[in-house]
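Novice: Taking the numbering used here, the leading residue of the sequence shown gets 5, the next gets one more, and so forth. So that we are looking at the same thing, I have put the structure below in structure tokens.
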Amino acid sequence: MNFKRRQNFQPSDKLLVLVGSKNPVKISCTEDAFTRAFNKSFLVEGINAASGVSDQPKGDIETLLGAKNRAQNSREVFPEANYWVGIEGGLDQDDFGMYAFAWIFILDREGKASQSKTGTFYLPKAVADLVDNGMELGKADDVVFDRENSKQQGGSVGILTHGIVDRNEYYRQAIILALIPFVNENLF
């Protein structure tokens with residue numbers, strides 16, 4: 005793989021990446037992750053793609069399925085792209101409480117697929133209680149932290165880390181990790 009930037013880069017050289025969401029954070033972090041991983045520019049667009057899971061997925065199985073469905077449904081809607089990306093946030097619980105995470109699922113034109121999971125972090129009891137009562141995490145954050153549309157901004161992770169880790173940074177690392185097989189084709 006060539007890590008040097010091309011000097012004569014033309015916009016027509018850009019590969020198209022479709023994100024199965026219109027959320028500006030998911031589009032932005034995908035563009036940044038692909039640019040960093042491949043060391044070149046991409047055209048990244050978001051489209052509404054059904055996740056096929058509940059509005060607030062619970063557990064790894066449902067959340068990963070949502071990410072996979074978003075990528076596959078994006079491919080069905082726009083098969084001319086070069087890559088399709090699904091990002092799905094989910095929740096789970098253990099003895100310490102409710103925690104959040106996201107799954108990333110990426111497909112390419114050749115049929116290769118890869119996935120990666122973000123780190124996890126625990127939610128305050130007030131947020132967890134609202135989610136347990138049927139509220140989606142973003143709305144629960146807005147209620148507890150007196151915000152508006154926080155899920156299209158820094159998200160829970162941004163609120164709870166006081167902006168040190170925002171949603172863009174949180175997803176970006178997992179997208180780069182999911183790209184490992186694509187940037188190391190000789191190994192995968």
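Backbone N, C-alpha and C define an ideal beta-carbon position, used for all residues, glycine too. As the structure is a prediction and not an experimental result, all values here were calculated from the model.
When the Cα of Lys129 is compared with those of Val169, Gly101, Trp107, which residue comes out closest?
Specialist: Gly101 is the residue among Val169, Gly101, Trp107 whose C-alpha sits nearest the C-alpha of Lys129.
Novice: Reducing DSSP to helix, strand and coil, say where Ala85 ends up.
Specialist: Three-state result, Ala85: coil.
Novice: How long is the line joining the alpha carbons of Val169 and Lys26, rounded to whole angstroms?
Specialist: 21 Å
Novice: Please report the distance separating the alpha-carbon of Ala132 from that of Lys18.
Specialist: 42 Å
Novice: Among residues of its own chain, excluding the 5 on either side of Asn12, which ones have a beta-carbon nearer than 8 Å to its beta-carbon?
Specialist: Low local confidence applies: a pLDDT of 40 at Asn12 is under 50, so the model's placement there is unreliable, with the coordinate-based value given in what follows. Excluding sequence neighbours, Asn12 sits near nothing in its chain.
Novice: Let me know the secondary structure DSSP gives Val21 once reduced to three states.
Specialist: strand
Novice: Which of the three DSSP states, helix, strand or coil, is assigned to Glu114?
Specialist: coil
Novice: How is the beta strand (DSSP E) around Glu173 delimited, first residue to last?
Specialist: Run containing Glu173: none in the beta strand (DSSP E); it sits in the alpha helix (DSSP H), 171-182.
Novice: For Lys199, write down the residues that DSSP places opposite it in a beta bridge.
Specialist: Examination of residue 199 is not possible in this model, given that the chain is present from 5 through 192 alone.
Novice: Please report how far the alpha carbon of Tyr174 lies from the alpha carbon of Arg151, in whole angstroms.
Specialist: 20 Å
Novice: Tell me whether Phe192 is buried or exposed, calling it buried when 16 or more other Cβ atoms sit within 10 Å of its Cβ.
Specialist: exposed
Novice: What are the partner residues of Lys121, as DSSP defines its beta bridges?
Specialist: DSSP, once it has assigned bridges, lists Trp107 as partnering Lys121.
Novice: Keeping to the same chain, check which residues put their C-beta closer than 6 Å to that of Arg10; ignore five residues upstream and five downstream.
Specialist: For Arg10, the predicted structure reports a pLDDT of 33, less than 50, and the residue's modelled location is therefore unreliable. The matter cannot be settled from this model.
Novice: So is Thr34 buried or exposed if we call it buried at 16+ other beta carbons inside 10 Å?
Specialist: buried
Novice: Express the C-alpha separation of Thr39 and Phe46 in angstroms, rounding to a whole number.
Specialist: Computed Cα separation, rounded: 7 Å.
Novice: Considering Glu49, what are the terminal residues of the alpha helix (DSSP H) in which it resides?
Specialist: Glu49 -> not in any alpha helix (DSSP H); beta strand (DSSP E) instead, spanning 46-50.
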